[in-house]
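Q: Below is one structure. I have some questions about it.
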Amino acid sequence: MSSALPATLPLVALGPGTVMTRIHWSGTAEPFFGPQAGTPPTHRFHDPLGEFRVCFLGENDSASFVETFLRDPPVRLITRAGLAQRRLSRFRMIRDLRLVKLHGEGLAQVGCTADLTSSAPPYAAPQALSRELWEHDGHPDGIQYRCRHDNGLLAIALYHRAAGALELLDSEDLLGNRIRLLDWRARYGFEIA
C-alpha cells in the first residue's frame with residue numbers, strides 16, 4: 001500500500017433512509033464507537049493513535065452476523081449462550097453518508113489490495129490506512145469493504161464524526177428469530193448447541 005492517497009477518493013454514497021445493522025453485546029449503548037478511551041485498537045479500522053472511534057455495521061443482518069461470529073474460522077459450533085449475549089440493532093441513515101469504497105476498483109484507486117480488508121490480525125496496515133483516510137481532505141464518513149468470511153456482503157466502518165447520521169430503529173435478541181438462525185446455520189455450515 002502506498003501512503004500517498006489520491007486527491008479524490010473513490011466514494012460510495014448511502015442516502016437517507018438506508019438501513020444498516022449491527023450485532024453487539026447486550027449491554028452496550030448503541031451505536032457504539034470503539035475502542036473505548038484508553039483501550040488499545042484491536043479491530044481492523046480502529047485508529048492506531050486512539051484519537052477517533054469507529055462503529056462497525058453490516059449492509060444487512062447476515063453481514064453483521066459473519067463479521068461478529070465467523071471471525072475465527074473454521075466455525076462449526078455457535079452456542080446459544082453466545083447468541084444470548086448479543087443483540088441485533090438496525091439503524092436508518094438520516095443524512096447522506098460518503099464512504100471510501102475499499103472493494104472493486106476502489107482498491108486500485110486507493111493503492112491497496114483486498115488483503116488489506118481480509119487479512120487476519122495484526123491490523124497495523126489497515127489501521128494505518130484508516131488513519132490516513134480519516135485525515136484526508138475529503139473528510140469521508142467511513143469505509144465500505146467486503147466481509148472477510150462472505151465476500152458477497154458489505155460491511156461499513158463508520159467514523160465517529162458521522163455518529164449523528166445514525167437513527168436507531170429497533171433492537172432484538174438474536175435468539176428471538178429462529179428462522180433467521182436456521183438460515184444462517186444452513187448458509188454457513190455451523191451447528192447451534
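Quick note: the sequence shown uses our numbering, first residue 1, plus one each step.
Ideal placement from N, C-alpha and C gives every residue a C-beta, glycine not left out.
Taking just the CA atoms, how far does ASP141 sit from GLN127?
A: 16 Å
Q: Please tell me whether CYS147 and GLU30 are closer than 8 Å, where the distance is taken between their beta carbons.
A: no
Q: For SER2, which residues of its own chain have a beta-carbon under 7 Å away from its beta-carbon, when the five flanking residues on both sides are left out?
A: Residue confidence is low: SER2 scores 43 on pLDDT, short of 50, so the model does not pin down where it sits. Its coordinate-derived value is still stated next. Residues of the same chain with a CB within less than 7 Å of the CB of SER2, apart from the 5 flanking positions on each side, are GLY111 in chain order.
Q: Determine the direct distance from the alpha carbon of ALA84 to that of ALA193, and round the result to whole angstroms.
A: 12 Å
Q: May I ask you to list the residues that DSSP assigns as paired with TYR145?
A: Answer is LEU102 and ALA155.
Q: What is the residue span of the alpha helix (DSSP H) that VAL66 lies within?
A: 61-69
Q: Quick check on the DSSP output: the alpha helix (DSSP H) that includes GLU135 runs from which residue to which?
A: 124-135
Q: Using three-state DSSP, classify THR117 as helix, strand or coil.
A: Assignment of THR117 by DSSP, reduced to helix, strand and coil, places it in the helix class.
Q: Return yes when the Cβ of ARG44 is within less than 8 Å of the Cβ of TYR123, no when it is not.
A: yes
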